[in-house]
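Q: This structure is in C-alpha cells; I'll ask about it shortly.
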Amino acid sequence: MKICRMLLMVVLPLAFSCQSQKLYKEKTAVKNPGSLTMQLNNGYWFDGQVFVKRDVWVDQGILSFKKPVASMDTVINLSGKYIIPPFAEAHNHNLESAYQLQQRINSYLDNGVFYVKLLSTIKKRMDPLMHHYNKPTGLDVSMAHAPLTGTGGHPIGIRKGYLEKGYFGGLFNNIKEIESHGYYTIDNIDDLQNKWDQVLSFSPDFIKLNLLYSEEYDKRKEDSTYFGRKGLNPELVDDIVKKAHDSKLRVSVHVSTAHDFHVAVEAGVDEIAHLPEIHNGEPISVADAKLAKKKDITLVTTASLVLKNEKRPNYAALVENISSNLQILKREGVRLAIGSDGYFDNSVGEFRFLHGLNIFSNLELLKMWCENAAFTTFPNRKIAFLKEGYEASFLVLNKNPLEDMSGINEGIILKVKQGNLLRP
Ligand SMILES: [Zn+2]
C-alpha cells in the first residue's frame, strides 16, 4: 500500500453536538471540513453482501463513487485490500470513569470500534470527559443517562455499592441524591408524569428501561432481599414506550428472563439490550421472536456474559441454551447487533464468543458488527454502510473477511474516520 501525500491539510477536530436522536428522522452524514481529500484506488469495497472492486473519493469526510473536479491531497492504492465499515459496540458502560480511560479508548480505536452505545451513564461524570468523544478523530458515543427502574431495582444496588466504595468522588452524599443522575424510580403513572420532564432535561439520545424477573414483579417489589434484582412494573412499559416515542426517543430495554423479553416485545420497544436467559437457561418463545421481527426490534447479543458462570456446574447447559435462543432469533430474522456489556471488552470478545458458537456465517457476523451495531447506536446517521454520501469511516483489511474472519481486528492495516487517518 502506498500513501502519497501531495498536500497535507491541517486536520481540525470538529466537535458535533450529540442531540437527541429523533425516531423517524431522515439519516444525515456528519461532515468534517478538516478531512483529507482522498482518492482510493483499486480496493474491494463491501457493499453489504459482497466485495466490489472500485475507486472511491473522500471530501469533507464524505464518501463518493464519482470522481470530483477538485484535486485530491492524498492518493492511496488499495490494490488487493478489503474495505469494511467500522465496528460498533452496542452495549457498554466503560467510558464514564477517568481512571485509565485513555487505555480503554485506545483499545476501541485500535480494534476498529468507532461507535459505542452507553446503556446507562451518570451525566455529571460524563460531562468532564466529553472532549474525548464525538469528534472526527475519536470515539462516537450515544447515551441514555439514567435508566428507569422500580423502587429498589437495578441499577440502584450497583450505584449504592460504587457510592460506598467512593467511586463517585464526592459527587453525591447518599443514594437518594443519585436519583435522576444514576436511575429514576417509576412505580406508577404519576411517577412517570412527574419525572418525565426531568428525564428529558438530560437530553438523552434514547431511553433505557430495566426489566428483571418481571414475572415475579409482585413477589419481589416489597421484598428487600431482592434489592437490585428487580425492575419496572411490567404493566407500565406500554405507557413508558408511548411517552418516549411521543418525545421521538427510541427505547432500549434491559431484560433478564424470557418473560421480560415477552413484555418488551409486546410493548413495541426499539431495542432489547441483552439476549434473555443468559444466566437462567430457559428457552425464549418462538412467537415472541416472530413478533420482534414483525416490530423491527433490534436485539443486542451480550452472549459472552455467560462466561461469568464458567465455574457453575450448569455452564455447558447455559451455553447450549444461548445457542438455541440465538438460533431461534436468527431463524425468525430478528436484527441482531454485537454488544458485550463487558467492562473489559470492547465488542471484540463478544465477536469471538459468537464466532466460536458456529451459528452465524462470516457475512452474518460482519453485518451484526458493522451494520446492525452501528445502526442501533446511531440510527439517524449515514454510517455503517459504504455508500455514496455516507460518512467516510472505514477499515482496510489484508484478507477477505467473508472467507476468514478469525483475527479480523488484528488484521486492520488502515483506519479512516470521517476522512481522517487514525494512527495507533
Ligand atoms: Zn449493561
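The numbering of the sequence shown is our numbering, which starts it at 51 and goes up by one. Ideal placement from N, C-alpha and C gives every residue a C-beta, glycine not left out.
1) For the beta strand (DSSP E) that H304 lies in, which residues bound it at each end?
2) In terms of alpha-carbon separation, which member of N82, L436 and S354 lies closest to N184?
3) Cβ-heavy atom distance between K181 and ligand 1 below 7 Å?
4) Going by DSSP in three states, V398 sits in which element: helix, strand or coil?
5) Which one of T124, N142 and V108 has the shortest CA to CA distance from K117?
6) Are three or more beta carbon pairs between the segment 364–383 and the segment 417–429 nearer than 8 Å?
7) Any residues whose CB sits closer than 6 Å to a heavy atom of ligand 2? List them in chain order?
8) Looking at the secondary structure, which residues open and close the alpha helix (DSSP H) in which N161 lies?
9) Which whole runs of the alpha helix (DSSP H) in the segment 197–258 are 4 residues long or more, in chain order?
10) Rounding to the nearest angstrom, what Cα-Cα distance links V60 and G84 in this structure?
11) Rounded to whole angstroms, what is the Cα-Cα separation between F137 and S230?
12) So what does DSSP say about T171, is it helix, strand or coil?
13) Mind checking which residues open and close the alpha helix (DSSP H) that includes I134?
14) When you compare the CB positions of I290 and E321, do they come within less than 8 Å of one another, or not?
15) Assign N244 to buried or exposed, taking buried as 16 or more other Cβ atoms, counted over all protein chains shown, within 10 Å of its Cβ.
16) Can you give the Cα-Cα distance for M122 and Q110, rounded to whole angstroms?
17) Is the beta carbon of F96 less than 8 Å from the beta carbon of G207?
18) Based on DSSP bridge pairs, tell me the residues matched to A387.
19) Looking at the structure shown, is L445 part of a helix, part of a strand, or coil, going by DSSP?
20) Check the DSSP bridge columns for A138 and list the partner residues they point to.
21) What is the DSSP secondary structure of G461, reduced to helix, strand or coil?
22) At what residues does the alpha helix (DSSP H) containing T426 begin and finish?
23) Can you grab the Cα-Cα spacing for the pair K215 / D310, in whole Å?
24) Alpha carbon to alpha carbon, how far is Y212 from F218?
25) What number of angstroms, rounded off, separates the C-alpha of L303 from the C-alpha of G98?
26) Give, in chain order, every unbroken run of the beta strand (DSSP E) that is at least 3 residues long and sits entirely within the segment 102–131.
27) Do the CB positions of E272 and T307 come within less than 8 Å of each other?
28) Answer yes or no: do V106 and R431 have a C-beta to C-beta separation smaller than 8 Å?
29) Could you check which residue in L416, R270, N371 and A148 has the C-alpha nearest to that of D177?
30) Mind listing, in chain order, the continuous alpha helix (DSSP H) runs of no fewer than 4 residues lying wholly within the segment 290–338?
31) Roughly how many whole angstroms lie between the Cα atoms of T201 and V350?
32) Expressed to the nearest angstrom, what Euclidean distance is found between the alpha-carbon atoms of L171 and K210?
33) Identify the continuous beta strand (DSSP E) that holds Q89 and give its terminal residues.
34) Are the beta-carbon atoms of E441 and Q468 separated by less than 8 Å?
A: Let me lay it out:
1) For this step, residue 304 is matched to residue 254 along the sequence shown. Its beta strand (DSSP E) spans residues V301 to H304.
2) Counting from 1 along the sequence shown, the entry for residue 184 is found at position 134. Closest option to N184, Cα to Cα, is N82.
3) Counting from one through the sequence shown, the residue named residue 181 turns up at place 131. Lys is not the amino acid found at residue 181; the sequence shown has His there. No, since every heavy atom of ligand 1 falls outside the 7 Å radius drawn around the Cβ of H181.
4) Within the sequence shown, the letter at position 348 stands for residue 398. Helix.
5) The residue you call residue 117 lines up with position 67 of the sequence shown. Minimum Cα distance to K117 is reached at V108.
6) no
7) Because ligand 2 does not appear in the structure shown, any question about it cannot be addressed here, the ligands present being ligand 1.
8) Stepping through the sequence shown from its first residue, residue 161 is reached at position 111. Unbroken run through N161: none, as it is neither H nor E.
9) 206–214, 225–228 and 239–251
10) Counting from one through the sequence shown, the residue named residue 60 turns up at place 10. Counting from one through the sequence shown, the residue named residue 84 turns up at place 34. At V60 the pLDDT is 34, less than 50, meaning the model places this residue with poor confidence; the figure from the coordinates comes in the next sentence. Their backbone Cα atoms lie some 7 Å apart in a straight line.
11) As a position in the sequence shown, residue 137 is number 87, starting the count at 1. As a position in the sequence shown, residue 230 is number 180, starting the count at 1. About 31 Å.
12) The residue you call residue 171 lines up with position 121 of the sequence shown. Three-state DSSP puts T171 in coil, outside helix and strand.
13) Walking along the sequence shown from the start, residue 134 turns up at place 84. Run containing I134: none in the alpha helix (DSSP H); it sits in the beta strand (DSSP E), Y132 to I134.
14) The residue given as residue 290 occupies position 240 in the sequence shown. The residue given as residue 321 occupies position 271 in the sequence shown. No, the pair does not count as a contact, with Cβ atoms beyond the cut-off.
15) By 1-based counting over the sequence shown, the position of residue 244 is 194. Per the 10 Å Cβ criterion, exposed.
16) Taking the first residue of the sequence shown as position 1, residue 122 is located at position 72. Taking the first residue of the sequence shown as position 1, residue 110 is located at position 60. Cα to Cα, the separation comes out at about 11 Å.
17) Counted from its first residue, the sequence shown places residue 96 at position 46. Counted from its first residue, the sequence shown places residue 207 at position 157. No, these two residues do not count as a Cβ contact at 8 Å.
18) Against the sequence shown, residue 387 aligns to sequence position 337. Answer is V350.
19) Your numbering for residue 445 matches position 395 in the sequence shown. Here L445 sits in strand by DSSP.
20) One-based indexing of the sequence shown puts residue 138 at position 88. A138 pairs with Y165.
21) Mapped onto the sequence shown, residue 461 falls at position 411. Helix.
22) Translated into the one-based positions of the sequence shown, residue 426 becomes position 376. Residues A423 to T427.
23) For this step, residue 215 is matched to residue 165 along the sequence shown. For this step, residue 310 is matched to residue 260 along the sequence shown. Approximately 31 Å between the Cα atoms of the pair.
24) Along the sequence shown, one-based indexing puts residue 212 at 162. Along the sequence shown, one-based indexing puts residue 218 at 168. Going from the Cα of Y212 to the Cα of F218 covers about 7 Å.
25) As a first step, residue 303 must be located in the sequence shown, where it is residue number 253. As a first step, residue 98 must be located in the sequence shown, where it is residue number 48. Going by the sequence as given, residue 303 is Val instead of Leu. In a straight line, the C-alpha of V303 is about 28 Å away from that of G98.
26) 112–114 and 124–127
27) On the sequence shown, position 222 is the one that residue 272 refers to. On the sequence shown, position 257 is the one that residue 307 refers to. No, the pair does not count as a contact, with Cβ atoms beyond the cut-off.
28) Counting from one through the sequence shown, the residue named residue 106 turns up at place 56. Counting from one through the sequence shown, the residue named residue 431 turns up at place 381. No, Cβ-Cβ distance for V106 and R431 is not below 8 Å.
29) The residue given as residue 177 occupies position 127 in the sequence shown. Checking every option, the nearest Cα to that of D177 belongs to A148.
30) 308–317
31) Your numbering for residue 201 matches position 151 in the sequence shown. Your numbering for residue 350 matches position 300 in the sequence shown. Whole-angstrom Cα-Cα distance: 26 Å.
32) By 1-based counting over the sequence shown, the position of residue 171 is 121. By 1-based counting over the sequence shown, the position of residue 210 is 160. Inspection of the sequence shows that residue 171 is occupied by Thr rather than by Leu. For T171 and K210, the distance between alpha carbons rounds to 15 Å.
33) Numbered from its first residue, the sequence shown carries residue 89 at position 39. Per DSSP, Q89 belongs to the beta strand (DSSP E) from M88 to F96.
34) Taking the first residue of the sequence shown as position 1, residue 441 is located at position 391. Taking the first residue of the sequence shown as position 1, residue 468 is located at position 418. Contact: yes.
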